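Q:
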Amino acid sequence: MKVSTLQKETLSKTRINQRVQQMPPSGIRAFFELVIGKKDVISLGVGEPDFITPWHIREAGIHSLETGQTSYTSNSGLLELREEIAAYLLKTAGSSYDCRSEILVTVGGSEAVDLAFRTILDPGDEVIVVDPSFVSYAPMAFLAGGEPVRVPTFAENGFVPTMDDLERAASPRTRAMIVNYPNNPSGATLTAEQMNLIMDFVLRRDLILISDEIYLPLTYEGDALSFASYRELRDRLILIHGFSKAWAMTGWRLGMAAGPEDLIEGMTKVHQYGIMCTPTTAQYAAIEALRNGGDEVEAMRKEYDRRRRFFTHHLNRIGFDCFVPGGAFYAFPSIRAAGMTSQEFAEKLLEEENVAVIPGTAFGNCGEGHVRCSYASSLKELREAVQRMEQFAHRYVRK
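In the numbering used here, the protein residues as written are 5 to 403.
1) Can you tell me whether lysine 405 is buried or exposed, with buried defined as 16 or more other CB within 10 angstroms of its CB?
2) Going by DSSP in three states, glycine 259 sits in which element: helix, strand or coil?
3) Which residue or residues does DSSP assign as beta-bridge partners of isoleucine 182?
4) What would DSSP say about valine 111, mapped onto helix, strand or coil?
5) May I have the straight-line CA-CA distance separating serine 99 from leucine 93, to the nearest angstrom?
6) What runs of the beta strand (DSSP E), each 3 residues or longer, lie entirely inside the stretch 250-310?
7) Return the residue from the list Gly330, Leu319, Gln395, Leu383 that minimises the CA-CA distance to valine 375.
8) Per DSSP, which one or two residues make a beta bridge with histidine 463?
9) Indicate whether the contact test is met: 3 or more Cβ pairs, each with one atom in the stretch 201-214 and one in the stretch 176-183, closer than 8 Å.
10) Using only the alpha-carbon positions, how far apart do glutamate 130 and leucine 241 sit?
11) Under the DSSP definition of a beta bridge, which residues are partnered with glycine 331?
12) With DSSP as the reference, identify every bridge partner of glycine 51, one or two as the case may be.
13) I think glycine 113 touches histidine 245, with their Cβ atoms under 8 Å apart; what is that distance to the nearest whole Å?
14) What are the partner residues of arginine 19, as DSSP defines its beta bridges?
15) Shortest alpha-carbon distance to isoleucine 40 belongs to which of Ala360, Gly364, Glu225, Glu52?
16) Give the DSSP bridge partners of isoleucine 46, in chain order.
17) For tyrosine 234, tell me which candidate among Leu201, Pro221, Gly259, Tyr224 has the shortest Cα-Cα distance.
18) Alpha carbon to alpha carbon, how far is glycine 128 from proline 152? Give it in angstroms, no decimals.
19) Rounded to whole angstroms, what's the CA-CA distance from serine 215 to phenylalanine 231? Just pull it up for me.
20) When the distance is taken between beta carbons, is valine 301 closer than 9 Å to proline 221?
21) On the criterion of 16 or more Cβ atoms from any shown chain inside 10 Å, does tryptophan 251 qualify as buried, or is it exposed?
22) Hey, quick one: how far does the alpha helix (DSSP H) through proline 143 stretch, first residue to last?
The following block contains the structure:
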């Protein structure tokens, strides 16, 4: 018996959670459906290093398999890894975390964000989300029963929220605030003065701050500043980090969360029922990454910096005004001069020049008029991408 489209829609509405129904699909994944099957595409869309995981890190994972280290670990992760994470945070942020009770190893930074929301939010609690932001923050808060309140930022303010905007967004229901600096998609970073203002806001409003610092080692201008370095925030900060970006370990799916014992205990409780533990092989590789991977991280950071300067220079030259990112590996140029929406621009650029970028609206409504371009590609590919984008600009950019 053939089921009509109307019947399918009716059936879905009765058996799919209402919050899942209301949640739009990922703007990134929806766009990449258009890329499938196209040839000769230069992809500036994927937020993934083009470097492979350094050999000695891969070798540590391989060795763990060869020696039969294939059992479950503690729900919180290997103690040896948590000790290395604690040492890393002490070295980079000057903050001391108890490796037995204040650190949790997660399936990427994304699981850590999900766990944080599910642990701290009650139905109806509001979460301030600084936009443009990583595509999953608002949906994760929503799925946890919370209500995301988006605070837009713009290039003229360095993609940093103003205190006036934060105060307008806050209410008696505000429970938490999530920030991500260096930022995906803009590459923006924070100064010490800006961090102080955010800290004062969090303390004054009695909020929990979730700080996703996965791109922090890829900082190019100024110091790599962590909110973990602020003792005043110690009891209300959930620090998110991970190995995917700086150590080029995306496929290993390994992240970390650090915070007060009660919050990490709650996150661990959710984690142990849903995940049990993260992959043992990846954990052994991460131990090696933290112990001996610093030189490779610095080498990759310098190469990204070289690409950053090349790519943003040429985007500005050909007519796409681009805020110069201070970290991560993304450029977020304005495409308003082309007279198109972000979605139209991305689709036309793909169709006419075979260059894939992500519409800025995938990262929040304030991303309209921008596209995200990842410069985690070789200089050769970036040069070709610039040439194609320049041809595109000649046809559409108003002089």
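Cβ coordinates follow ideal geometry from the N, Cα and C atoms, glycine included. Note that the structure is a prediction, hence the values are computed from the model and not measured.
A: Reading off the structure:
1) Nothing about residue 405 can be read from this structure; the chain reaches only from 5 to 403.
2) By 1-based counting over the sequence shown, the position of residue 259 is 255. Glycine 259 falls in the strand class under three-state DSSP.
3) Counting from 1 along the sequence shown, the entry for residue 182 is found at position 178. Paired residues: Val133, Ile214.
4) Residue 111 sits at position 107 when you count from the first residue of the sequence shown. Valine 111 falls in the coil class under three-state DSSP.
5) For the purposes of this step, residue 99 is identified with residue 95 of the sequence shown, where counting begins at 1. For the purposes of this step, residue 93 is identified with residue 89 of the sequence shown, where counting begins at 1. One C-alpha to the other measures close to 6 Å.
6) Fully enclosed beta strand (DSSP E) runs of 3 or longer: 259-262.
7) Indexing the sequence shown from 1 puts residue 375 at position 371. It is Leu319 whose Cα lies nearest to the Cα of valine 375.
8) In this structure the chain extends from 5 to 403, so residue 463 is not present and cannot be described.
9) The stretch 201-214 is in contact with the stretch 176-183.
10) Here the question's residue 130 lines up with position 126 in the sequence shown. Here the question's residue 241 lines up with position 237 in the sequence shown. Using only the alpha carbons, I get a separation of about 17 Å.
11) Residue mapping note: residue 331 aligns to position 327 of the sequence shown, counting from 1. Thr223, per the DSSP bridge assignment.
12) Within the sequence shown, numbered from 1, the residue matching residue 51 stands at position 47. Glycine 51 pairs with nothing; no bridge assigned.
13) Within the sequence shown, residue 113 is the residue found at index 109, counting from 1. Within the sequence shown, residue 245 is the residue found at index 241, counting from 1. The pair is a contact, with the Cβ atoms about 7 Å apart (cut-off 8 Å).
14) In the sequence shown, counting from the first residue as 1, residue 19 sits at position 15. Per DSSP, none; premise fails for arginine 19.
15) One-based indexing of the sequence shown puts residue 40 at position 36. When only C-alpha atoms are compared, the closest one is Ala360.
16) Taking the first residue of the sequence shown as 1, we reach residue 46 at position 42. According to DSSP, isoleucine 46 bridges with Val359.
17) Translated into positions along the sequence shown, residue 234 becomes position 230. Nearest C-alpha to tyrosine 234: Leu201.
18) Against the sequence shown, residue 152 aligns to sequence position 148. Against the sequence shown, residue 128 aligns to sequence position 124. Taking the CA atoms as reference points, proline 152 sits about 10 Å from glycine 128.
19) The sequence position of residue 215 within the sequence shown is 211, counting from 1. The sequence position of residue 231 within the sequence shown is 227, counting from 1. In a straight line, the C-alpha of serine 215 is about 7 Å away from that of phenylalanine 231.
20) The residue given as residue 221 occupies position 217 in the sequence shown. The residue given as residue 301 occupies position 297 in the sequence shown. Contact: yes.
21) Position 247 of the sequence shown, counted from the first residue, corresponds to residue 251. It counts as buried.
22) Position 139 of the sequence shown, counting from 1, holds the residue named residue 143. Counting along the chain, the alpha helix (DSSP H) containing proline 143 begins and ends at 141-147.
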